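2 protein chains.
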Amino acid sequence: MHDPEAALRAHQLPITAQRLAVLREVSQQPHATADVIAEGVRQKIGSITRQSVYNVLNVLTEKGLIRRIQPADSAARYEDRVGDNHHHLVCRSCGHTEDVNCAVGHAPCLKAHSHHGFKIDEAEVIYWGLCPRCQKKRSA
Amino acid sequence: MHDPEAALRAHQLPITAQRLAVLREVSQQPHATADVIAEGVRQKIGSITRQSVYNVLNVLTEKGLIRRIQPADSAARYEDRVGDNHHHLVCRSCGHTEDVNCAVGHAPCLKAHSHHGFKIDEAEVIYWGLCPRCQKKRSA
DNA sequence: ATAAACTTTTTGACAATGTCAAAAATAAAT
DNA sequence: ATTTATTTTTGACATTGTCAAAAAGTTTAT
């Protein structure tokens, strides 16, 4: 995110210290959870309430400035890589998350044959496994 | 599930009224959440505690008798269709969930090129959209 | 610059979904 | 039948997130 201030303006969102800080934090720590973001922001601007973090994350998500992902057994995570069609690799043990470029192509990358009369708008893919660190821990 | 009792025995699980009832309920109401299952069980055997429902669902999931799915913005759901490689279609509006046969083939159905040193064991796919009912509601 | 109008942030309570630990009840094995 | 092991219940608690009203801040218009 090169210019958080411009990004907010582009979406007609009033500029506040909290919004700038949250936006920067999401950018610097992709896939962080709300409370990790809160901690990061506090170290930079002194303080922010839990509720404000949620407010900001929600409004940024609605406007499409950031993206929310919610893997099983984890609080929601946020990233600022939006607009493309990538997926995620999640560690079953520690929750560590990485991006994976789409194996197929454009969104929705998997055709679901318009099953059951549903109108499908997204195919979400999560690859589950063990990250390198946790593989080592197990074998130890 | 034709014979829940045999299924429990096959997995060396002591047979209890609660386990039989939960197993039957998951079978009859695929994709139900824990509290929906609890309600269903109560109508059949009179009473069961919230904790027992969780205990039973957890042990059945660990043993592979049932499968847990956890779509975003929903409590965990359970199904007794296990061992094959199918995915899910989830309604963004009401949470209604249906099975979708895998578009590709065998599990894990998508190769993730062993990215980033992860050891991948599953590719989970969720198709997001609107179910027929909710499509109608919107246009009304 | 200033004031008015609007939005955001804070504060504090609350809801939903799960888990933990110890006591009571039940099933299985001898 | 009795013992042993497991399960169920009971009640407290943790986490993640939301709701509503008051306080503080930002933007717009004068």
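In the order they appear, the protein sequences are chains A and B.
So the first sequence is numbered by the numbering used here: it starts at 1 and just counts up by one.
So the second sequence is numbered by the numbering used here: it starts at 141 and just counts up by one.
The C-beta atom is built at its ideal place from N, Cα and C for all residues, glycine as well.
Being a predicted model, the structure only gives us computed values, none of them experimental.
From the DSSP output, read off the bridge partner residues of residue i.
i, result
"residue 237(B)", "230(B)"
"residue 125(A)", "265(B)"
"residue 260(B)", "129(A)"
"residue 78(A)", "32(A), 68(A)"
Are residue i and residue j close, meaning C-beta to C-beta below 7 Å?
i, j, result
"residue 86(A)", "residue 97(A)", "no"
"residue 59(A)", "residue 265(B)", "no"
"residue 15(A)", "residue 23(A)", "no"
"residue 30(A)", "residue 62(A)", "no"
"residue 177(B)", "residue 161(B)", "no"
"residue 53(A)", "residue 32(A)", "no"
"residue 135(A)", "residue 259(B)", "yes"
Can you pull the chain B residues whose beta carbon is under 9 Å from the beta carbon of residue i, in chain order?
i, result
"residue 66(A)", "Under the 9 Å cutoff, chain B gives no residues; its nearest Cβ is about 15 Å from residue 66(A)."
"residue 132(A)", "256, 257, 258, 259"
"residue 135(A)", "257, 258, 259"
Roughly how many angstroms lie between the CA atoms of residue i and residue j, to the nearest whole one?
i, j, result
"residue 84(A)", "residue 50(A)", "29 Å"
"residue 196(B)", "residue 230(B)", "25 Å"
"residue 157(B)", "residue 216(B)", "23 Å"
"residue 127(A)", "residue 261(B)", "8 Å"
"residue 182(B)", "residue 145(B)", "19 Å"
"residue 232(B)", "residue 270(B)", "6 Å"
"residue 27(A)", "residue 11(A)", "17 Å"
"residue 212(B)", "residue 240(B)", "18 Å"
"residue 214(B)", "residue 235(B)", "7 Å"
"residue 115(A)", "residue 208(B)", "22 Å"
"residue 273(B)", "residue 82(A)", "30 Å"
"residue 89(B)", "residue 25(A)", "Here chain B comprises residues numbered 141 to 280, so residue 89(B) is not present and cannot be evaluated."
"residue 245(B)", "residue 39(A)", "Since pLDDT at residue 245(B) reaches only 47, below the 50 mark, its modelled position is unreliable, and the value read off the structure follows with that caveat. Taking the straight line from one Cα to the other gives about 43 Å."
"residue 279(B)", "residue 47(A)", "44 Å"
"residue 248(B)", "residue 1(A)", "Note that residue 248(B) has pLDDT 48, beneath the 50 cutoff, so the model's placement of it is unreliable and no number is given."
"residue 66(A)", "residue 19(A)", "12 Å"
"residue 102(A)", "residue 257(B)", "17 Å"
"residue 123(A)", "residue 64(A)", "17 Å"
"residue 153(B)", "residue 210(B)", "25 Å"
What in chain A is Cβ-close to residue i, meaning under 8 Å?
i, result
"residue 223(B)", "Under the 8 Å cutoff, chain A gives no residues; its nearest Cβ is about 17 Å from residue 223(B)."
"residue 229(B)", "112, 115, 116, 118, 120"
Identify the contact partners of residue i in chain A, using a Cβ-Cβ distance below 7 Å as the criterion.
i, result
"residue 269(B)", "118, 119, 120, 121"
"residue 266(B)", "124"
"residue 212(B)", "70"
Using the beta-carbon of each residue, which ones in chain B are nearer than 8 Å to residue i?
i, result
"residue 98(A)", "255, 256, 258"
Can residue i be considered in contact with the ligand SAH, in the sense that its beta carbon sits closer than 6 Å to one or more heavy atoms?
i, result
"residue 269(B)", "Only the bare structure without any ligand can be found here, which leaves the ligand SAH out of the picture."
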